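Down below is the structure, laid out as structure tokens.
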Amino acid sequence: MQTYILALDQGTTSSRAILFDQEGNIKASEQQEFTQIYPRPGWVEHDPKEIWNTQLKVLQALLRKQKVPAAQVAAIGITNQRETAVVWNRITGEPIHNAIVWQDRRTASICNQLKADGHEPYIRENTG
């Protein structure tokens with residue numbers, strides 16, 4: 018039975034699924050863009066449900082179009098968009114707010130103050 022490797026790439030502007038054969042050759046891919054939300058200048062957000070739905074759709078479309086049953090997927094690799102953050106309700110599993118995207122600048126003044134106060138070396142050493 019032929020088996021495949023699946024990559025799920027949840028990027029800053031789109032969700033992508035890529036199917037590889039066992040030799041690492043790309044067999045097919047699917048991609049779908051999603052909405053960028055700019056509630057204020059410098060703020061960037063994503064709807065977590067839209068992220069989930071677009072990622073699920075590209076995965077399902079890829080497997081359906083390639084006629085690959087899920088049982089033939091031997092491994093899955095997942096990538097995501099840097100430090101984008103989502104807060105979930107632990108009871109309902111629902112997002113509490115839109116995802117705050119890594120490009121968002123709403124904390125720039127706090128970061129600048131930490132830097133001015135001499136904390137940059139400590140932060141860089143401990144967070145990269």
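Numbered per the working numbering, the sequence shown spans residues 18 to 145. No residue lacks a Cβ here, since even glycine has one placed at the ideal position from N, Cα and C. Please read all numbers here as calculations on a predicted model, not as lab measurements.
Review point. Should Val104 and Glu62 be called a contact, given that it needs their Cβ atoms to be closer than 9 Å?
Key: Residue numbering aside, residue 104 sits at position 87 when the sequence shown is read from its first letter. Residue numbering aside, residue 62 sits at position 45 when the sequence shown is read from its first letter. With contacts defined as CB atoms closer than 9 Å, Val104 and Glu62 fail to qualify as a contacting pair.
key: Bridge-paired residues (DSSP) for Pro112   = Within the sequence shown, residue 112 is the residue found at index 95, counting from 1. Its beta-bridge partners are Trp105.
Determine the closest residue to Asn106 out of Glu137, Arg99, Glu100 and Asn115, with distance taken between C-alpha atoms.
Mapped onto the sequence shown, residue 106 falls at position 89. A check of alpha carbon separations from Asn106 across Glu137, Arg99, Glu100 and Asn115 identifies Asn115 as the nearest.
| task | Check Thr96 in the structure and name its three-state DSSP category. | result | As a first step, residue 96 must be located in the sequence shown, where it is residue number 79. In the structure shown, Thr96 falls within a strand segment according to DSSP collapsed to helix, strand and coil.
Query - Enclosing alpha helix (DSSP H) for Lys44 [first to last residue] - result: Within the sequence shown, numbered from 1, the residue matching residue 44 stands at position 27. No alpha helix (DSSP H) holds Lys44; the beta strand (DSSP E) holding it covers Ile43 to Glu50.
Taking the DSSP output, what are the residues bridged to Ser32? Position 15 of the sequence shown, counted from the start, is the residue given in the question as residue 32. DSSP, once it has assigned bridges, lists Gln27 and Gln49 as partnering Ser32.
Margin query: Please state the DSSP three-state secondary structure of Tyr139.
Written below: Locating residue 139 in the sequence shown gives position 122, counting from the first residue. Residue state for Tyr139 is assigned as helix, using DSSP reduced to three classes.
Requested in this report: Tell me whether Glu62 sits in a helix, a strand or coil according to DSSP, three-state version.
Outcome: Numbered from 1 along the sequence shown, position 45 holds the residue referred to as residue 62. Three-state DSSP puts Glu62 in a strand.
The alpha helix (DSSP H) that contains Lys132, what's its start and end? Mapped onto the sequence shown, residue 132 falls at position 115. Where Lys132 is concerned, the enclosing alpha helix (DSSP H) starts and stops at Ala125 to Ala133.
Can Leu80 and Ala91 be called in contact, C-beta distance under 9 Å? Numbered from 1 along the sequence shown, position 63 holds the residue referred to as residue 80. Numbered from 1 along the sequence shown, position 74 holds the residue referred to as residue 91. No. Outside cutoff.
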